[in-house]
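Step one of this worksheet: look at the structure below.
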Amino acid sequence: MHKLTLTAIVAMALAVGVQASAQDASGYWAGVLNDRIHILVHVTATADGRHEGTIENTDNESGPLPFSAIDIHGNHLRLAADKIGGSYDGNWDAHEQAWVGSWTMQGQTLPLVLKHTAAPSTASKRMARPQDEAIAKGPLPYLQENVVFPNDAAHVTLGGTLTKPKGAGPFPAVVLISGTGANTRDEVSAGHKIFLVLADALTRKGIAVLRYDKRGVGESTGDFGSATTADFASDAKAAVEWLSKRSDIDHAHIGVMGHSEGGVIAPMVAVADRNVAFVVMLAGPGVRGDKLFVEQAYGVALASGTPAAYVAKRRAFDQKLYSAVVDANTHDQEVDRVKAVIDSGLAEKVIEPKEAESLPGDVMRPWMEQFLKLDPAIALKQVTVPVLALNGSLDLAVPAKLNLPAIRQALSGNRDATVIEVAGLNHLFQTAKTGAPSEFAHIEETVAPSALSMITDWVVCHTHAP
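Under mature numbering (1 follows the signal peptide of the UniProt record, and there is no 0), the letters of the sequence shown match residues -22 to -1, 1 to 444, in that order.
This is the structure:
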């Protein structure tokens, strides 16, 4: 929602004397999305005159991802990264000596200027991540096992890590379900390995933890770009089923814990699989996707310093655009309504022409269509097992004031539901000042100890772990 992967400072100095033309896109190009996501693009020319390359969030240790297509026509550059459902459209600006355009991914279009930069140093400085580093240093008082398990229904295999206490067991267990984006098993965001820290804290308390790469990412097979929330829920259900067949796992105490979009998925899995004994929602949405995205974009834009007048106009535009998708009865009706809203937004100068070109395909792609219409309350009302739902008071991606009341209402019939707004924490459950995504990378703390204690204490209480 997803989960956003956000940033540390990246060197942006231009190489002395470097010039480029629209016919020469080769080299390294650096840019910043929304003042916080640092992007590095690498383009090379092949012997047959084509181009290939990669895109990388330099604050995220998941590494570069290959482009599925690179098209250069005159002064126009288009980059497509189907694996993550993203694309870039830009035009060469001779005065700026840069590609000036926009990056579109998962319903959001942001301006992105790519300027020529030197090849990155392999010895670039990393910001301190004390919690991650302490785990890496060891020694660890528990066991780690690299595992592979199938989702037979989807014909994919998922690669992950199982951490478990030493001894024969059987141990209570938790499946970690990551948020929006091409996340690996550690759910790396702004250089923070969130799921590594969560798994460590839980396993030290006697809980086995399974975390895994999303389909099409890392060691998992499948197609990430075409997957929907329902597909990711199917993968999480497969993780629960795999754990329920292991002799070292207590089959009566297997829970699911989701962060951001994973917080929507966790209740869906609990309804679909009776093996699930409890649910933990970490910054999980409680309102329908269209309402969530409108308020998310509004809050993040204001916190990022976007003029209030434009933010208000954009908020109204987003509401109309998403309603055009949600309220349509047929695909043709949806296409017509989306086009009408975009034409109006273009005429009123709420959006730029390049965004107008890419928006229809983005807002109507399968993941976006499904999530805009997804109402978390439908599954939450059917959950009968214990639930813990936490949101930080400074969460701008999934605002607590909007989502927690809806979660409380949906769980009103559940006798063991705990819903808490945690003061001073952001979307990653870091101790923050404003909650703006631009802070994520500059906070050394990966997950606040207070949040870790609340989560682990609740799980231990509901699993009778030692």
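Glycine is no exception: its CB is placed at the ideal position from the N, C-alpha and C atoms.
At which residues does the alpha helix (DSSP H) containing residue i begin and terminate?
{"i": "Asn381", "result": "Ala378 to Ala388"}
{"i": "Pro344", "result": "Pro344 to Lys351"}
{"i": "Phe127", "result": "Segment Tyr120 to Asn129 is the beta strand (DSSP E) holding Phe127; no alpha helix (DSSP H) there."}
{"i": "Arg292", "result": "Ala286 to Val304"}
{"i": "Met432", "result": "Pro427 to Thr441"}
{"i": "Asp268", "result": "Gly267 to Ala281"}
{"i": "residue 449", "result": "What is shown of the chain runs -22 to 444, which leaves residue 449 out entirely."}
{"i": "Leu358", "result": "Pro354 to Leu358"}
Please report the residue range of the beta strand (DSSP E) in which residue i lies.
{"i": "Met259", "result": "Val254 to Leu260"}
{"i": "residue 498", "result": "Lying before the first or after the last residue shown, residue 498 is absent from the chain, which here runs from -22 to 444."}
{"i": "Thr22", "result": "Ile15 to Ala23"}
{"i": "Glu30", "result": "His29 to Asn35"}
{"i": "Ala230", "result": "Ile227 to His237"}
{"i": "Glu399", "result": "Ala395 to Val400"}
{"i": "His54", "result": "His54 to Ala59"}
{"i": "Ala216", "result": "Run containing Ala216: none in the beta strand (DSSP E); it sits in the alpha helix (DSSP H), Thr207 to Leu221."}
{"i": "Thr82", "result": "Ala76 to Met83"}
{"i": "Ala47", "result": "Ala47 to His51"}
{"i": "Leu368", "result": "Val365 to Gly370"}
{"i": "Asp201", "result": "First-last for Asp201: undefined, no H or E at that position."}
{"i": "Arg26", "result": "Just to set this straight, residue 26 is Asp in the shown sequence, not Arg. Counting along the chain, Asp26 falls outside any beta strand (DSSP E), and DSSP gives it neither H nor E."}
{"i": "Ser65", "result": "Gly64 to Asp71"}
{"i": "Val361", "result": "Per DSSP, Val361 belongs to no beta strand (DSSP E) and is neither H nor E."}
Nearest to residue i by CA position, among the options, is which residue?
{"i": "residue 445", "options": "Glu239, Lys93, Leu188 and Gly145", "result": "This structure leaves residue 445 out entirely; the chain is present only between -22 and 444."}
{"i": "His440", "options": "Ala255, Val187 and Ala131", "result": "Ala255"}
{"i": "Gly323", "options": "Gln311, His309, Asp310 and Pro338", "result": "Pro338"}
{"i": "Arg252", "options": "Arg293, Val361 and Ala151", "result": "Val361"}
{"i": "Lys192", "options": "Thr139, Pro364, Ala294 and Gln75", "result": "Thr139"}
{"i": "Asp71", "options": "Asn53, Phe210 and Ala59", "result": "Asn53"}
{"i": "Ala234", "options": "Leu18, Ile15 and Pro150", "result": "This sequence places Val at residue 234; Ala is not what is there. Taking only the C-alpha atoms, the option nearest Val234 is Pro150."}
{"i": "Met246", "options": "Leu118, Ala211 and Ser416", "result": "Ala211"}
{"i": "Asn124", "options": "Arg163, Val289, Arg293 and Lys332", "result": "Arg163"}
{"i": "Gly402", "options": "Arg189, Pro427 and His442", "result": "Pro427"}
{"i": "Gly203", "options": "Ile155, His442, Gly159 and Leu374", "result": "Gly159"}
{"i": "His304", "options": "Lys351, Ala205, Gln122 and Ser156", "result": "First, the amino acid is wrong: residue 304 is Val here, not His. The option with the nearest alpha carbon to Val304 is Lys351."}
{"i": "Gln297", "options": "Asn35, Val278, Gly79 and Val319", "result": "Val319"}
{"i": "Thr206", "options": "Gly196, Phe349, Val19 and Phe407", "result": "Phe349"}
{"i": "Ile232", "options": "Ala208, Val257, Ile243 and Asp209", "result": "Val257"}
{"i": "Ala177", "options": "His73, Met105, Tyr120 and Phe295", "result": "Tyr120"}
{"i": "Ile185", "options": "Asp268, Pro98, Val19 and Pro148", "result": "Pro148"}
{"i": "Ile329", "options": "Met259, Ala114 and Phe295", "result": "Phe295"}
{"i": "Val153", "options": "Lys291, Ala334 and Ala248", "result": "Ala248"}
{"i": "Asp67", "options": "Glu333, Glu399 and Lys327", "result": "Glu333"}
{"i": "Val363", "options": "Leu88, Glu34, Ala244 and Val400", "result": "Ala244"}
{"i": "Gly236", "options": "Thr199, His442, Leu11 and Asn161", "result": "Asn161"}
{"i": "Ala96", "options": "Leu18, Trp220 and Asn381", "result": "Leu18"}
{"i": "Pro98", "options": "Thr36, Gln311, Leu299 and Val397", "result": "Thr36"}
Give me, in chain order, the residues of the same chain whose beta-carbon lies closer than 6 angstroms to that of residue i; leave out the 5 immediate sequence neighbours on both sides.
{"i": "His229", "result": "Ser222"}
{"i": "Met432", "result": "none"}
{"i": "Leu280", "result": "Val289"}
{"i": "Val126", "result": "Thr135 and Gly137"}
{"i": "Trp436", "result": "Leu366"}
{"i": "Leu430", "result": "Ala179"}
{"i": "Arg56", "result": "Asp49 and Asp67"}
{"i": "His20", "result": "Tyr6, Gly31 and Thr32"}
If you drop the 5 nearest sequence neighbours on each side, which residues of the same chain put their C-beta closer than 7 angstroms to that of residue i?
{"i": "Arg315", "result": "Ala302 and Ala306"}
{"i": "Thr434", "result": "Ala179, Leu180 and Lys183"}
{"i": "Ala23", "result": "Ser4 and His29"}
{"i": "Ala384", "result": "Gly264, Val265 and Ala355"}
{"i": "Thr82", "result": "Gly64, Ser65, Ser336 and Asp340"}
{"i": "Ala76", "result": "Val91, Leu92 and Lys93"}
{"i": "Gly277", "result": "Leu374 and Pro377"}
{"i": "Thr412", "result": "Ala281 and Leu372"}
By Cβ distance below 8 angstroms, which residues in the same chain neighbour residue i in space, the five residues on each side in sequence not counted?
{"i": "Val376", "result": "Met(-22), Ser238, Gly241, Ala261, Gly262, Pro263, Leu270, Gln274, Asn369 and His405"}
{"i": "Val313", "result": "Pro338 and Met342"}
{"i": "Gln122", "result": "Thr139, Leu140 and Thr141"}
{"i": "Ala286", "result": "Leu280"}
{"i": "Gln1", "result": "Because Gln1 sits at a pLDDT of 48, beneath the cut-off of 50, its placement in the model cannot be relied upon, and the point is left open."}
{"i": "Ala250", "result": "Ala211 and Lys215"}
Could you tell me if the beta carbon of residue i falls within a distance shorter than 6 angstroms of some heavy atom in the ligand PLP?
{"i": "Val289", "result": "Although the ligand PLP was asked about, the structure shown includes no ligands whatsoever."}
Any 3 or more C-beta pairs closer than 8 angstroms across the stretch 120 to 131 and the stretch 207 to 220: Contact between the stretch 120 to 131 and the stretch 207 to 220 is present: three or more C-beta pairs spanning the two stretches fall below 8 angstroms.
4 or more residues per run - each alpha helix (DSSP H) lying fully within the stretch 136 to 188: Listed in chain order, the alpha helix (DSSP H) elements of length 4 or more contained wholly in the stretch 136 to 188 are 172 to 181.
Inter-stretch contact (C-beta, 8 angstroms, three-pair minimum) for the stretch 384 to 394 and the stretch 416 to 427: Short answer: they don't touch.
The stretch 166 to 174 contacting the stretch 104 to 121, beta-carbon criterion three pairs below 8 angstroms: Taking one beta carbon from each stretch, the stretch 166 to 174 and the stretch 104 to 121 have 3 or more pairs nearer than 8 angstroms; the two touch.
The stretch 143 to 152 / the stretch 46 to 54 touching (three or more Cβ pairs under 8 angstroms): A contact is defined here as three or more CB-CB pairs under 8 angstroms, and the stretch 143 to 152 fails this definition with respect to the stretch 46 to 54.
Runs of alpha helix (DSSP H) wholly within the stretch 315 to 345 (minimum 4 residues, chain order): List check, alpha helix (DSSP H) in window: 331 to 341.
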